[in-house]
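Colleague: Taken in sequence, the protein lines are chains A and B.
The first sequence lines up with residues 1 to 100 when you count with my numbering.
The second sequence lines up with residues 1001 to 1190 when you count with my numbering.
To start, I am sharing the structure in question, which I have written as structure tokens.
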Amino acid sequence: MADFIAAVLMSAGLFFLLVGAIGLVRLPDFYTRLHAASLGDTLGLTLFLVGLMVHEGVTLTSFKMLIIELFMLLASPTATHVLIRAAYQVGLKPWTREEG
Amino acid sequence: MGKSETKETKKSINSGFTSSLFLTLALYIFWIVLSGKMEAKYLIIGFLSAVIITLLTRPLLLVSIGSSKGILRSVYDLPWLRLMAYFPWLMWQIVLANLQVAAVIINPKMPIQPQLITFRKKLPGPVAYLTLANSITLTPGTITVDLEGDKYLVHALIGDAAAQSLAPEVGEGEMPYRVSWVFSGWEKEH
């Protein structure tokens, strides 16, 4: 049963990682692509790690995975912010949909 | 005036000690989890490392708080209980935003309206500003581009929806409101 739940969670995580990768290709410019990358960073990785933790049970290893998850939640937005701020200050124009 | 100042300094030193204790404990638990060994030798080495790291990094982890300049406070001195109450709400918002952005990306027409949104939000202290900025970036579909004073510049993938939730025309957005709730009263207590 635990393995089944773990498989479902990991598949859901993989789905978001896949959609993030598709978005990385489909979206028009740098700024919008960063949005797609954050899909995999947040829910994709979280679901995958929770799936692994369910598979592992209450052990030291799953506690380590929890720590990885917390570090990701702190580090990923900071890195994304640094990238987008650098792009903005260099003067890269954000893509916008033409009116009409 | 002088009297209240000495009181303030005493208090900030006091809270500094509590947070040093907290940091030592956190580092020690981190050591135990990573090493996984319960022999006395490793436990003692870990404890000494935790204490030494705490002492070495103490001056680095003190920040001056926003409105009352000059008073130093440890960065670990946070409203932890309220942050823990805020966290589940944030996770739920992340799930909702993930589904929204995933739907937009998969949609063959790709109905995106990238847009830059600016809004102002006064918060107590740099850690509060950081919390709001990182919460915005962590939620897919919105990224904090810049923060000057209390002015946020946010890039949004689905412009209208993000503007509605962050800076609606009437009132204020839910996320800024909740972050200001987390840090409200935090400055006065010390």
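Here a beta-carbon is modelled for each residue, glycine too, at the ideal position from N, C-alpha and C.
I want to verify the contact list: residues of chain A whose CB lies under 7 angstroms from the CB of Pro1114 (chain B), in sequence order.
Modeller: Tyr31, Thr32, Pro94, Trp95, Thr96
Colleague: Can you give me the Cβ contacts of Pro1114 (chain B) inside the same chain, cut-off strictly under 8 angstroms, excluding the 5 residues immediately before and after it?
Modeller: His1155, Ala1156, Leu1157, Gly1159
Colleague: Which same chain residues, not among the five before or five after Ser62 (chain A), have their C-beta less than 8 angstroms away from its C-beta?
Modeller: Leu52, Met53, Glu56
Colleague: Take every Cβ of the region 34-48 of chain A, pair it with every Cβ of the region 1082-1099 of chain B, and state whether three or more of those distances are shorter than 8 angstroms.
Modeller: yes
Colleague: Go ahead and label Gly76 (chain A) buried or exposed: buried means 16 or more other beta carbons lie within 10 angstroms of its beta carbon, across all protein chains shown.
Modeller: A small fix is needed here, since residue 76 (chain A) is Ser in this sequence, not Gly. Classification of Ser76 (chain A): buried, given that the 10 Å Cβ count is 16 or more.
Colleague: What residues match up with Lys1151 (chain B) in a beta bridge as DSSP calls it?
Modeller: B:Arg1120, B:Glu1148
Colleague: Are the C-beta atoms of Asp1146 (chain B) and some chain A residue less than 8 angstroms apart?
Modeller: yes
Colleague: Would you give the residue range spanned by the beta strand (DSSP E) that Leu1138 (chain B) belongs to?
Modeller: Careful: Leu1138 (chain B) lies outside any beta strand (DSSP E), inside the alpha helix (DSSP H) at 1126-1138.
Colleague: Exposed or buried, what is Ile1105 (chain B) when buried is set at 16 or more other beta-carbons lying within 10 Å of its beta-carbon?
Modeller: buried
Colleague: How do the region 77-94 of chain A and the region 1138-1145 of chain B stand: do at least 3 beta-carbon pairs fall below 8 angstroms, yes or no?
Modeller: yes
Colleague: Given a threshold of 16 other Cβ atoms within 10 Å of its Cβ, counted over all protein chains shown, does Tyr1152 (chain B) qualify as buried or as exposed?
Modeller: buried
Colleague: Give me the Cβ distance between Val1075 (chain B) and Val1127 (chain B), rounded to the nearest whole Å; I'm assuming they're in contact under 8 angstroms.
Modeller: 7 angstroms
Colleague: Can you find a C-beta in chain B that's less than 8 angstroms from the C-beta of Phe16 (chain A)?
Modeller: yes
Colleague: For the 8 angstroms Cβ check, are there 3 or more pairs between the region 1120-1138 of chain B and the region 64-81 of chain A?
Modeller: yes
Colleague: State buried or exposed for Ala2 (chain A), treating a residue as buried only when at least 16 other CB atoms are found within 10 Å of its CB.
Modeller: The residue in question, Ala2 (chain A), is exposed, as its Cβ has fewer than 16 Cβ neighbours within 10 Å.
Colleague: Exposed or buried, what is Ile1094 (chain B) when buried is set at 16 or more other beta-carbons lying within 10 Å of its beta-carbon?
Modeller: buried
Colleague: Should Ile84 (chain A) go down as buried or exposed, given a rule of 16 or more other Cβ atoms within 10 Å for buried?
Modeller: Around the Cβ of Ile84 (chain A), a 10 Å sphere holds 16 or more other Cβ atoms; the residue is buried.
Colleague: Nearest-angstrom Cα distance between Leu14 (chain A) and Ala1103 (chain B)?
Modeller: 15 angstroms
Colleague: Tell me the residue span of the beta strand (DSSP E) that contains Arg1073 (chain B).
Modeller: 1072-1074
Colleague: From the DSSP output, in three-state form, read off Ala1156 (chain B) for me.
Modeller: strand
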